[in-house]
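Have a look at the structure below before the remarks.
Protein chains: 2
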Amino acid sequence: MARVQFDKSKVLESATHAFWRLGYTATSMQTLVAQTGLKPGSIYLAFGNKEGLFKESLDYYAEQSLANLEGMLAQYESIEEALPHILLALIEESSQSEYCSCFLVKSQLELSDEQAELKQHVSQRLRKVESLYFEGLLKNNSEAEASAKAASVMMHIFGIRVYGYHTNSKEQLMNGIRLGLPWLAWETLH
Amino acid sequence: MARVQFDKSKVLESATHAFWRLGYTATSMQTLVAQTGLKPGSIYLAFGNKEGLFKESLDYYAEQSLANLEGMLAQYESIEEALPHILLALIEESSQSEYCSCFLVKSQLELSDEQAELKQHVSQRLRKVESLYFEGLLKNNSEAEASAKAASVMMHIFGIRVYGYHTNSKEQLMNGIRLGLPWLAWETLH
DNA sequence: CACATTTTTGAATGATCACTCAAAAATTTG
DNA sequence: CAAATTTTTGAGTGATCATTCAAAAATGTG
Numbered sequence: 013m014a015r016v017q018f019d020k021s022k023v024l025e026s027a028t029h030a031f032w033r034l035g036y037t038a039t040s041m042q043t044l045v046a047q048t049g050l051k052p053g054s055i056y057l058a059f060g061n062k063e064g065l066f067k068e069s070l071d072y073y074a075e076q077s078l079a080n081l082e083g084m085l086a087q088y089e090s091i092e093e094a095l096p097h098i099l100l101a102l103i104e105e106s107s108q109s110e111y112c113s114c115f116l117v118k119s120q121l122e123l124s125d126e127q128a129e130l131k132q133h134v135s136q137r138l139r140k141v142e143s144l145y146f147e148g149l150l151k152n153n154s155e156a157e158a159s160a161k162a163a164s165v166m167m168h169i170f171g172i173r174v175y176g177y178h179t180n181s182k183e184q185l186m187n188g189i190r191l192g193l194p195w196l197a198w199e200t201l202h
Numbered sequence: 013m014a015r016v017q018f019d020k021s022k023v024l025e026s027a028t029h030a031f032w033r034l035g036y037t038a039t040s041m042q043t044l045v046a047q048t049g050l051k052p053g054s055i056y057l058a059f060g061n062k063e064g065l066f067k068e069s070l071d072y073y074a075e076q077s078l079a080n081l082e083g084m085l086a087q088y089e090s091i092e093e094a095l096p097h098i099l100l101a102l103i104e105e106s107s108q109s110e111y112c113s114c115f116l117v118k119s120q121l122e123l124s125d126e127q128a129e130l131k132q133h134v135s136q137r138l139r140k141v142e143s144l145y146f147e148g149l150l151k152n153n154s155e156a157e158a159s160a161k162a163a164s165v166m167m168h169i170f171g172i173r174v175y176g177y178h179t180n181s182k183e184q185l186m187n188g189i190r191l192g193l194p195w196l197a198w199e200t201l202h
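Top to bottom, those sequences are chains A and B.
Counting in the numbering used here, the first sequence runs from 13 upward without gaps.
Counting in the numbering used here, the second sequence runs from 13 upward without gaps.
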């Protein structure tokens, strides 16, 4: 065959799902072979090695997340209006069965300094999310205010990702973020 | 030998350090053998298996953390006064080289539903931390207020643990938590 | 349609995984 | 101090790990 036969996006979809759920280390190549339907040789030809497939899975996830985020931001007048909806969606997501937290957050915490390059790769995608919030906040805030508010939003998102993974209490999460982010336009939620 | 020869607390210290830094899956028994100085047979006689050693390491870490937290809370008049110092210490910690985030948070996110028992074990220790904050907050707050504030504090702590692991900006973290926790007695910090 | 090129196949590789166990050593007990 | 009990030792276990590669199959090219 001179043309690629498999659907790369479907392969990345299933690889992402496996890595997301089990983590980088705990996902074996044999699991990936089973999940993607590809034979070992095909994976190694297309992605180099396990780390290569992991990186492309991270990118696949990050691109979808960023696109989804930009879509949400575009739907509202201001970021102060959009964020309550975005955060509510994260909280709703966290109460689903088989909730896996955030692939980027999980990967960030799993990687140690021995995998500095991979860790930086993840870190870069997380910074991209923060800069999206920062840019939006610059419209109605000074640079210092926008920076602090973006950091606060990121910490609350991380909070939801961790808190929501070990407890199942939407109400508790909502009360927490309403208290911590009082400058958002919560009144437009209903 | 009819008496245990090795110092259990020293063994748990080094095992905790390895699990904390590398994660449960990525820490091999051979690494643990090298780090603890014990031979495989001794580890298995004392702790049953890798999971048993991991659980005792989690408990070792959790007990130290809770004791340290209780010590900090006892030093101040109110929890509103104590928390700025506690959070500042977490931020300072996050800027150290070889910072490993929080062992409990990392473990919580690493474990999937396939390891439900271990996951619950971690979850229980995290809830213990939250209930400590909740109890302290009950002194000056209604039950509903104390509950929401405790959730907010936990989310900010999770935020510091994740944010501080991928970025190195004490200032950004401080600005973020001052903004999100305005009801704390920040003025007593200096 | 033949030949060059590229992809797929899947059994096999050596390394490393968690874990075992019989023998040796250390300690308690009588 | 001798016998009983318990711990330590460390080479060895089969299973699973990431990865390879020669042969087969599928396409592009002239």
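Heads up, the beta-carbon is just placed ideally off N, CA and C, and yes, glycines get one too.
Proximity winner among A:A30, A:W195 and A:E92, relative to L70 (chain A) (alpha-carbon distances): A:A30
Should F18 (chain B) be labelled buried (16 or more other beta-carbon atoms within 10 Å of its own) or exposed? exposed
Might you give, ordered along the chain, the residues of its own chain that have their beta carbon closer than 8 Å to the beta carbon of T43 (chain B), omitting 5 neighbours on each side? A30 and L34
Please confirm whether A30 (chain B) has its beta-carbon closer than 8 Å to some beta-carbon of chain A. A30 (chain B) does not count as touching chain A.
Should Y111 (chain B) go down as buried or exposed, given a rule of 16 or more other Cβ atoms within 10 Å for buried? exposed
Just the C-alpha distance for A58 (chain B) and K22 (chain B), rounded to the nearest angstrom, thanks. Cα-Cα distance, rounded: 14 Å.
Report all residues from its chain with a CB closer than 8 Å to the CB of V6 (chain A); omit the five preceding and five following residues, and keep chain order. No answer is possible for residue 6 (chain A): the residues shown for chain A start at 13 and end at 202.
Applying a beta-carbon distance threshold of less than 7 Å, which residues of chain A neighbour A160 (chain B)? Near A160 (chain B) (Cβ distances below 7 Å), the residues of chain A are N187, G188 and L191.
Using DSSP with H/G/I as helix, E/B as strand and the rest coil, what is Q76 (chain A)? helix
Locate the alpha helix (DSSP H) running through H97 (chain B), then write down its first and last residues. I91 to S106
For S154 (chain A) and K161 (chain B), I'd like the C-alpha separation in whole angstroms. S154 (chain A) and K161 (chain B): Cα-Cα distance of roughly 28 Å.
In chain order, what residues of the same chain lie with their CB nearer than 6 Å to the CB of F115 (chain A), ignoring the 5 residues before and after it? Taken in chain order, the residues that qualify are W32 and Y73.
Shorter than 8 Å from the beta carbon of L144 (chain B) to some beta carbon of chain A? no
Alpha helix (DSSP H) runs wholly inside the segment 110-147 of chain B, at least 4 long, in chain order: 115-122
Are any of the Cβ atoms in chain A nearer than 8 Å to that of S106 (chain B)? no
Quick one: using the 10 Å Cβ neighbour count with 16 as the cut-off for buried, is M13 (chain A) buried or exposed? With a pLDDT of only 44 at M13 (chain A), under the threshold of 50, the placement of this residue in the model should not be trusted; the figure read from the coordinates follows. Result: exposed.
Would you identify the three-state DSSP class for K51 (chain A), choosing helix, strand or coil? coil
Could you tell me the distance, in whole angstroms, from the CA atom of I55 (chain B) to the CA atom of V45 (chain B)? I55 (chain B) and V45 (chain B) have their C-alpha atoms some 8 Å from each other.
For a contact meaning CB atoms closer than 8 Å, what does Q120 (chain B) contact in chain A? V174, Y177 and H178
Counting only beta-carbon separations shorter than 8 Å, does H168 (chain B) have a partner in chain A? yes
Can you give the beta carbon distance from Q47 (chain B) to H178 (chain A), rounded, assuming they're within the 8 Å contact cut? The pair is not a contact, with the Cβ atoms about 28 Å apart (cut-off 8 Å).
Quick one: residues in its chain with C-beta nearer than 8 Å to the C-beta of F146 (chain A), no 5 flanking neighbours on either side, listed in chain order? A158, S159 and A162
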